[in-house]
Structure formats: structure tokens, C-alpha cells
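Following the working numbering, the numbering of the sequence shown begins with 19 at its first residue and continues without gaps.
Yeah, the Cβ is synthetic: ideal placement off N, Cα and C, and Gly gets one too.
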Amino acid sequence: MDMNQYLSMFIDESNDHLQSLNENMLQLEGSPEDLGIVQVIFRSAHTLKGMAATMGFEDLASLTHKMENVLDLVRNEKLKMQDFIFDTLFKSLDALENMVQDITGGGEGKADVSSIVASLQAIESGEWTGGTAPAAAVSPSPSTVTPSAVELDEFQYSVLDQSIAEGHRVLYIEVLVSEQSQLKGVRAYMVFDLLERSGEIVKSFPTVQDIEQERFERSFSLYYITTKEAQELEKGIMSISEIESAKVIQLDQETLQQMTNQAAATAEVEVVPVPAPVDAPAVPNSSSKEEPKKPAATKTAAPKQAAAPSRTIRVDIERLDVLMNLFSELLIDRSRLEQLASETGNNDLSDTVAHLSRVSTDLQNIVLKLRMVPVDTVFNRFPRMIRDLAKTLDKKIDLVISGAETELDRTVIDEIGDPLVHLLRNAVDHGVESIAERVAAGKPEMGTVNLRAFHSGNHVFIEIEDDGKGIYRDNLLKTAIKRGVVTEEQGAKMSDDEVNQLLFAPGFSTADKISDISGRGVGLDVVKSKITSLGGNVTIHSTPGKGTNFSVQLPLTLSIIAAMLVRLGSEKYAVPLSSIVETAIVQREQVRNIHGNKMITFRESLVPYLSLSEVFGVPDFNDADEQETEIVVIRKGERLAAVAVEEFIGQSEIVLKSMGTYLPAIEGISGATILGDGQVALILDPNAFIK
């Protein structure tokens, strides 16, 4: 069988399991006594090992197996998690990620992990450098001694017995693979994968490693804890192709005791050869009285099991681009049809267009969601990174993530990861002070780095804020002058925001020494150029002694948005509906002039008043000549502003078109749209009006 057809699925699922392993290892580090987390980690490692072995990536499977041995000791309470074990397991995960990356790039997933394997073996044998492991942990690993078919150690028996007492179903399962099967290990893996979705496998014979490497004849048996019915599981196993038979027997405490005693009495006979599972059916004598419970296989469970893998498909991003462009053109034609229907007054045409509008609206919602991905696909790798950085720098860092459910276009998601990595590393290395410096400054030992995302208009803002020492204007200017970035005269005239922007000058750094982690400013020019290339912007706000905030503004890059159409003289503009707080009418006397800035009172607070006709130089309208003016109150984060317009046209779904390469970037304009009557309206960027 050609395994290449499964390669992309293997890569995707491996990355998911590695991410899960990282996240759960971080949780376990915070609660090292929580065996529930250990069980979750063990299952992920076990599944990853099985997948790698099935695909033929032996190095990856072997390293995961060594991790599994250590985790097995921990979950059986024969070994306690300590710093050295955590560090070794995290190094193992890094090595596994590198192997998967190599496979993604067309390699064979090979790597020299001898030092990591040696550390894992030392932990397993109790000879690790962090101390002496408990004597129980020195016992041979499951891979070196083949247990009997149903032989249980004291801990495993206790788990099964307690599960029965608590009302869970404990099952003894025997599976026989078809004699014609060419991939026994794959079929066994499919059975294990099915079972692990709804329960816990406590013991298998032969061992999982032997089964996955096809070191067994045709049958294998296991003890299993679940809440599902035995009949349902039996149907599910039989729905897997090339499975000849499956016996699922529910055990009570008496039957479990009998089977365990029988296994102990025959252990010496059954331990010897690997093919022993063939003799295993002699064990469950109690099965004869439960055999009649086995029903004939029905057709109800199998389709559910078969349908699960096909619920998602992967689509080339270029095809989604084509779909989006085609639908954009359809939306323009829909707007034109709606206008024609209203002008002609034909009822049949109006009804047809109304139905078309409803259908296309539903289609529009689906098309828009296809390309949107939550930013947690980027954020979820940062906790592990921050943990490693804090350990390297001997700092205490609390990473607080909020707004991870905020969605961005897939193309932006793919590109934003590296700039955020650099900004976070920068915040940890040079933003947050050392423990001694924080204590001296009256701050808590643990520094806080906030990573947050939120929508504002047709943009997403991602902010990285630390509670460190902040940026000092004088120090920054002194370095800039020394490096020839600005002159003293220029520096004296610059505002604080302009001084902070000097950090984005190529090669600029305020770090006393450049570390291999980051230097304040080193690479920030690359960060800004990347964000700018995505149509975004990055700003810095800093309070000396209290911290620094990097705010990254990114476009949603959606082709279709809801907007309010407004008129100024002969020109039409579209304001994204998601940025609008309210519309209102103000009298001329309500506009005040405060320190040279126009302001109005809105909801008992003062907000800036902006004349759109002045900003864009509209020739045939001036709101200063009006006694009362319509305003659109817009929002950026927590800040508001009132924009003066001549007339509200109404709400509409509009197609966002780029201004192209022929026109330079115009501040306050994010694109253009074609209206139903064929006219072009400029789309405002409300964020540009609020500083």
C-alpha cells in the first residue's frame, strides 16, 4: 500500500498532537501531581507513536516510545515529575517537531537524538543526574519483558477494580485480524484509535510496541475502561475492514478477580514467545456465559465510524481566492438587480430578486467564514516559548492571552507569526526586568506580558504589553544620535511617539549587549516591514518604569463588508459598519474649539470632531456652512471620534476592492467599492482618524 496518500494527514495530525503535548506539559508543570494530565499526555504520545510507526518513520516512533516509557512510570506513580524530567521531555518535543518539519519538507524524519534518548533511558532506569528514582522505577520497561495475555500488576488491577466500583464499564476485548490482511499493525492501530476516543486502555497483550511493529500473529487482547455499551464497541470494531472477529466481554469484580488469578497461575507458561496471544482465548472461561449477549452485526454503528474522518477537507487557498472574487462580482450584480427592480416596479422581478438576495446572503456568510481562522492557531505556541525564555533568562513571566478567538484571514495568519515571536521575545528579554530589579523597584517578582487581540472596524489589533521598565526618551535619543539616526536638533523637536518610532530604524538597538534571544530594536525594522507588507501598521506606547505596549494593526483582508454609505457633495463614501457606534445630528453651536481642536459633547464626554470635507478637500461641500450636520461616531478600541458628513444614504453589503498599485497609499482610505448604479465609492479607514 502506498502511504504517500496519507502523508499530508499524518503531518497535520502530528502537528496537532505535538501542540497538545506542549500545552498539556505546561499544565502539568504547574500541577505536577495531576495524574489526569499525565494520562492525556500519554495518550497523545501513544497515538503519535502509532502513527509514526505505521508511516514508517522509525526514528520518530522510537523517540516517542522512550517518552512513553517515562510517562508510563509517572502515571503508575512509580516516578515523580521533577525539573530535569520536564526539561528532557520538552527537549524531546522539540526534536519531534524538527522531525515532523523535516518530513514536511520531503525528508525522512531522521535526526540524531542520542543525547535525549540517553537522558530518557537514565530517567527510566533511575540513573538520571537529578537524583535517584524510586526503586520501582528501575524495573525493566514493558518493551524488554513480554507480559502474559491478561496478567495485571497491582496498580492496574486496582484501577480496574475501582472503575467497576464507581460504575464504569470494564471490558475484556479480544480481536482477531483477518488472515489475508497485509497490514496487521495498521488494522490494530485503527482498533486502538477507535477505542481511545471513548475510553482508556489499561493493558494490552502483546504490548502496544509489539503490536504496532507487527510482532504478533493475528490476535491481541486488552483491558478497557469506558462508559459505552459492549455491543456498541463490538459493532464499531467489526466495522473496521480486515477484522475477522471481536469479542467484547463486560467484567464485574468477581470475574476480574478470577481472570487475574488464572493469569497469575499460568504466567510462567505464557511469558515465553511473542506469538502467545494465539493461546490467549483460553483465559476468559467466563465468556461462555456471556457469549449469547453478542448480537449479530447491525448496520447502525458502522456508518458513523466510517463517516467521521471525512467531515473536513483541505482546500488550496488559491481556490478560495477565486471563489471570493467570483462572489464579489455576483454581489455587485445583485446590487444592480435590486436597484433595477425598485425602478421598474415589476412585482415578479422584485420577488425573484428578493429571493436571490436571501440566498446570496447565506452564501456570502459561508464564503466569508471559509477563509477566517482564529488567531489562537498562532497564539497557542507562545506559552511554551515564553516558558523556555523565562527559564533561560532566570525570570518569572506570566503570559496572559486574551481574544484568542478573534478571527483573521488565513493569509494574514500565515504571515504574522514571526513578527509576533520577535516582539514577544523582545518583551521578555529587554522589557521585563530581572527578579532583583523588579523587587528593588517595588514590583512583584513575576513579570506580566499581555498578548491580546480584538476587532476594530475592518481591522484586527494585536497588542503585546509588558509591565517592565518601559522606554526612556532620553536614553533612546542619546543612542539614536550616537548612531547617526537623527541629529540633536531633530531629536529636540520630536514628540514622544516619534522618538519611540526610532526603534524601527534599521539596525537600531538600545540593548547594552546583544543576546542570542533579542536586542531592543534589533530586527524591529524587519517586524515593521513585514506588518506593512500585510497592509498593517505597528505603534509603540510606553510609560517609563511601568511598561511598553506594541500595538499591531492588521487588515481583515475580507472582500465583502457591511458598511454605511454617506454622501459629501457629489462624492459617496462607505464607512465600515463594525466601526460605527452611533449616528446623530449636531448643531453648529455644539462644536467647541478646545486648544485648537474641534470637540463635541457625546454621551457626557468630549470626543474629537473631524470634518471629512476638509480632510479630503471635497470641493462642493463644507460642513462649516451648515447650521446642523450629520455625524458618524466611530470607535478604535476605547477611543471615539465624530466624523461630519452631509447625508446618510443607507446600509449596504459592499465589495472591498484594492486601490491597486497605480495610486499611492492614501491615509484614511482602505479601498473602493462599486455601487449598484455603477458609481465608485471610497471606503474609509476609521482607524486612521483616531490617533
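- Using a C-beta cut-off of 8 Å, the stretch 344-354 makes contact with the stretch 668-679, since at least three inter-stretch Cβ pairs fall below that distance.
- Scanning its chain for C-beta atoms nearer than 6 Å, with the 5 sequence neighbours on each side dropped, one finds around Ser-222 the residues Leu-240, in chain order.
- According to the DSSP assignment, Ser-222 belongs to the beta strand (DSSP E) that extends over 217-223.
- Residue nearest to Leu-53 within the set Asn-94, His-64, Glu-41, Glu-76 is Asn-94 (criterion: CA-CA distance).
- Between the alpha carbons of Tyr-207 and Gly-68 lies a gap of roughly 7 Å.
- Annotation: Ala-706 to Asn-398 spans about 30 Å, alpha carbon to alpha carbon.
- For Ser-629, the enclosing beta strand (DSSP E) has its first and last residue at 623-629.
- By the neighbour-count criterion, in which 16 or more other beta carbons inside 10 Å mark a residue as buried, Asn-365 falls on the exposed side.
- The count of Cβ pairs closer than 8 Å, one atom from the stretch 467-475 and one from the stretch 411-427, reaches three, so the stretches are in contact.
- Rounded to the nearest whole angstrom, the C-alpha separation of Ser-597 and Ser-378 is 24 Å.
- Here Asp-484 carries a strand assignment [DSSP, helix/strand/coil].
- About 6 Å separates the CB atoms of Glu-451 and Gly-486; that is less than 8 Å, so the two are in contact.
- No Cβ-Cβ contact shorter than 8 Å links Ala-63 with Leu-97.
- Counting only unbroken stretches of 4 or more residues, the alpha helix (DSSP H) elements lying wholly within the stretch 41-93 are 53-73, 76-93, in sequence order.
- A straight line joining the alpha-carbon of Ala-602 with that of Val-663 spans about 10 Å.
- Contact annotation: the stretch 427-441 touches the stretch 560-572, with at least three C-beta pairs closer than 8 Å.
- Around the beta carbon of Met-27, fewer than 16 other beta carbons lie within 10 angstroms, which makes this residue exposed.
- If you draw a straight line from the Cα of Leu-46 to the Cα of Ile-59, it is about 9 Å long.
- In this structure Leu-658 does not touch Tyr-591 by the C-beta definition: roughly 19 Å separates them, more than the 8 Å allowed.
- Residue pairing by DSSP places Ile-672 opposite Ile-579 in a beta bridge.
- Secondary structure remark: continuous beta strand (DSSP E) runs of at least 3 residues inside the stretch 587-628, in chain order: 589-594, 598-605, 610-612, 615-620.
- Taking C-alpha positions only, Met-73 is separated from Asp-130 by approximately 19 Å.
- Here the C-alpha atom of Arg-337 lies approximately 22 Å from the C-alpha atom of Ile-434.
- Between Glu-665 and Ser-560, the alpha-carbon positions lie close to 40 Å from each other.
- About 19 Å separates the CB atoms of Leu-89 and Val-118; that is not less than 8 Å, and the two are not in contact.
- Secondary structure at Ser-474: strand, using DSSP grouped into helix, strand and coil.
- The beta-bridge partner set that DSSP reports for Ile-261 consists of Val-195.
- Secondary structure at Glu-214: helix, using DSSP grouped into helix, strand and coil.
- Contact fails between the stretch 581-590 and the stretch 497-515, because fewer than three Cβ pairs, one in each stretch, are under 8 Å apart.
- Residue pairing by DSSP places Ser-237 opposite Leu-194 in a beta bridge.
- Taking C-beta atoms as the reference points, Leu-81 and Ile-134 count as a pair closer than 8 Å.
- Closest by C-alpha distance to Phe-75, out of Ile-261, Lys-128, Lys-84, is Lys-128.
- Across the set Ile-121, Leu-36, Ala-71, the C-alpha of Leu-36 shows the shortest separation from the C-alpha of Leu-107.
- In the same chain as Asp-394, and ignoring 5 residues on each side of it, the C-beta atoms closer than 6 Å to its own belong to Ala-422, in chain order.
- Nearest to Ile-558 by alpha-carbon distance, out of Ile-549, Phe-568, Thr-550, is Phe-568.
- With respect to Glu-197, Arg-236 sits close: the two C-beta atoms are nearer than 8 Å.
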